[in-house]
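Scroll down for the structure; my scribbles are underneath it.
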DNA sequence: TCTATTTATATCGTCCGCGATGCAAATATA
DNA sequence: TATATTTGCATCGCGGACGATATAAATAGA
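Protein chains in written order, with the numbering used here: chain Z, 1 to 144; chain A, 1 to 144.
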């Protein structure tokens, strides 16, 4: 069916585009602090719970360790976090925030609100967002 | 507000993850034909309308030409398409499908259905999809 | 205990995305 | 017509994503 190929029918293209555009919206806010969006995601994970092994961070973000490892290495070089060999399990690398990494939480305090305002509109608002979240979570659960 | 940072509250993270996971779902289907997902998107655009300049393709996909140009160069090297200088405007590169590029449409005929089945579930189905599409389109429209 | 397997992380190669920059063709303006 | 600006595309550099592979530590099994 030719209709199946119509770009406008593609769910994935919408997700792909929406994801890229929101990441672009984050960009000016994050680059101000020398961060990228995936690096910001790592910070979100570590702000919730400091001192996690690489694997836990990767699982939380649904990323492979071969994506996360170089990302963490760059962040370590920036002085945002520390990677230290695990005590009880020498294979693990425990990732913990430096003072700089913790301070970034305050410097980025208004990012969620700014992004929220950038996205909210008639169709997407506090009323409809839970429905959107539910559908996205369902897609993620189905595919992961 | 600490709650604002909760990863589970993040719309962008959901979009980012859902987008990656769906792209991964495409992967086995596309790599069979030596294609990546962005290359598949280019094919979708060209199947709709063959012989477009680089700029039109980029605009359709909401990508920059510096993303699309190397992508097209790789596809040209694979013999999927041809890039020829525009006749009336020598700055343009007109992109047209080769026989191989056109044949891929038949070889990939069941991709939309397979992906559809992989994503459909209780929360996301032919009934609710239009609502999801409307919200994603609203986000895209607001940000582009 | 010795070996096999699993697990946690790292390295490598390739393909995006995209900011910054360059260049030539087309168009606008003086 | 000469110059300035805009437009279309390309190149460069960097940071993800991710498949494939490697390595060392931990664990399981013989």
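In this text, a Cβ means the ideal position worked out from N, Cα and C, and glycines have one as well.
Identified DSSP bridge partners for residue i
{"i": "residue 84 of chain Z", "result": "Z:94"}
{"i": "residue 53 of chain Z", "result": "Z:94"}
Option nearest residue i by Cα separation, candidates the options
{"i": "residue 87 of chain Z", "options": "Z:52, Z:112, Z:64", "result": "Z:52"}
{"i": "residue 31 of chain Z", "options": "Z:135, Z:111, Z:143", "result": "Z:111"}
{"i": "residue 99 of chain Z", "options": "Z:4, Z:144, Z:50", "result": "Z:50"}
{"i": "residue 143 of chain A", "options": "Z:141, Z:118, Z:33", "result": "Z:118"}
{"i": "residue 76 of chain A", "options": "A:37, A:4, A:101", "result": "A:101"}
{"i": "residue 64 of chain A", "options": "Z:74, Z:113, Z:21, Z:11", "result": "Z:21"}
{"i": "residue 11 of chain Z", "options": "A:25, A:54, A:73, A:55", "result": "A:25"}
{"i": "residue 37 of chain A", "options": "A:56, A:72, A:54", "result": "A:72"}
Spatial distance of residue i from residue j (CA atoms)
{"i": "residue 138 of chain Z", "j": "residue 47 of chain A", "result": "31 Å"}
{"i": "residue 128 of chain A", "j": "residue 131 of chain Z", "result": "10 Å"}
{"i": "residue 35 of chain A", "j": "residue 62 of chain Z", "result": "24 Å"}
{"i": "residue 67 of chain A", "j": "residue 89 of chain Z", "result": "43 Å"}
{"i": "residue 135 of chain A", "j": "residue 28 of chain A", "result": "29 Å"}
{"i": "residue 69 of chain Z", "j": "residue 85 of chain A", "result": "43 Å"}
{"i": "residue 115 of chain Z", "j": "residue 5 of chain Z", "result": "32 Å"}
{"i": "residue 60 of chain Z", "j": "residue 23 of chain A", "result": "19 Å"}
{"i": "residue 141 of chain A", "j": "residue 97 of chain Z", "result": "37 Å"}
{"i": "residue 3 of chain A", "j": "residue 45 of chain Z", "result": "13 Å"}
{"i": "residue 33 of chain A", "j": "residue 57 of chain A", "result": "21 Å"}
{"i": "residue 126 of chain Z", "j": "residue 54 of chain Z", "result": "34 Å"}
{"i": "residue 113 of chain A", "j": "residue 9 of chain Z", "result": "12 Å"}
{"i": "residue 133 of chain Z", "j": "residue 133 of chain A", "result": "13 Å"}
{"i": "residue 74 of chain Z", "j": "residue 74 of chain A", "result": "29 Å"}
With contact counted as at least three CB pairs below 8 Å, one residue from each stretch, are the segment 100 to 112 of chain Z and the segment 75 to 94 of chain A in contact? Output reads no: the segment 75 to 94 of chain A does not touch the segment 100 to 112 of chain Z.
Can we say the segment 87 to 96 of chain A touches the segment 116 to 136 of chain A, given the rule of at least three CB pairs closer than 8 Å? Verdict: no, contact absent.
Given 8 Å as the limit, is there contact between the segment 8 to 18 of chain Z and the segment 22 to 42 of chain A, that is, 3 or more CB pairs closer than that? Taking a contact to require three or more Cβ pairs closer than 8 Å, the segment 8 to 18 of chain Z and the segment 22 to 42 of chain A qualify as touching.
Uninterrupted alpha helix (DSSP H) stretches inside the segment 32 to 79 of chain A (no shorter than 4 residues): As far as the segment 32 to 79 of chain A is concerned, its whole alpha helix (DSSP H) runs of at least 4 residues are 37 to 48, 54 to 61, 65 to 77.
Can you list the alpha helix (DSSP H) stretches of 4 or more residues lying completely in the segment 102 to 144 of chain Z, in chain order? The segment 102 to 144 of chain Z is shown to contain whole alpha helix (DSSP H) runs of 4 or more residues at 111 to 119, 129 to 143, in chain order.
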